[in-house]
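What follows is one structure encoded as structure tokens, with my remarks underneath.
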Amino acid sequence: MTGTPPPPPPTDGPYGGNQPPYGGNQPQQPLRPEDEKLWATLIHVGGIFYFLPSLIGYLLLRDRGPFIREHTRVALNFQLTMLIASFIGGLLSIVGIGLLIVGAVWVVNIVFSIIAALAANRGEYYRYPLSIEFIKA
């Protein structure tokens with residue numbers, strides 16, 4: 003025991019290395035109504051490219067307001083239903099009827115995505131027909 007105090011703890015550096023990043027863990031602000039309509043419209047139009055735009059939109063925007071939450075949820079449910087129908091059509095293409103099913107799914111997906119996008123743009127809620135509800139409200 004020499005009587006010298008222990009060395010001071012290491013510092014965070016000149017820039018405060020242990021501070022949380024700017025904006026971390028802050029709740030997201032709700033979208034304005036016109037922005038909700040725009041994003042809901044884009045999510046439905048993105049359904050032409052199957053489920054990825056709907057999934058990304060649901061994960062990023064579901065907490066930004068009730069209108070966008072409902073539209074991203076129903077769009078994702080419909081796109082997952084269309085994905086399953088396409089997969090079944092692909093399996094049945096061995097028999098020959100599957101190509102008709104895949105084509106019909108493609109047309110139904112485009113038509114209902116456009117109808118839903120128009121409804122979202124008018125500020126209306128839309129429920130896809132033939133949709134399995136994987137994600138509950």
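Every position in the sequence shown, counted from 1, becomes a number in this note's numbering once 2 is added.
Even for Gly, the Cβ is constructed at its ideal location relative to N, Cα and C.
So for residue i, helix, strand or coil by DSSP?
i: residue 81; result: helix
Hey, how far is the Cα of residue i from the Cα of residue j?
i: residue 33; j: residue 60; result: 14 Å
i: residue 41; j: residue 107; result: 24 Å
i: residue 110; j: residue 119; result: 14 Å
i: residue 138; j: residue 38; result: 20 Å
i: residue 31; j: residue 65; result: 9 Å
i: residue 68; j: residue 122; result: 13 Å
i: residue 62; j: residue 124; result: 22 Å
i: residue 117; j: residue 43; result: 10 Å
i: residue 70; j: residue 127; result: 10 Å
i: residue 88; j: residue 79; result: 14 Å
i: residue 90; j: residue 76; result: 21 Å
Check each candidate in the options and name the one with the smallest Cα separation from residue i.
i: residue 50; options: 128, 6, 113; result: 113
Taking residue i and residue j to be in contact with their CB atoms under 8 Å, please state how far apart those CB atoms are, rounded to whole angstroms.
i: residue 94; j: residue 52; result: With 8 Å as the limit, residue 94 and residue 52 do not qualify as a contact, their Cβ atoms being about 19 Å apart.
i: residue 45; j: residue 55; result: 6 Å
Item to check | the segment 88-104 touching the segment 120-136, judged by at least three CB pairs closer than 8 Å | outcome: no
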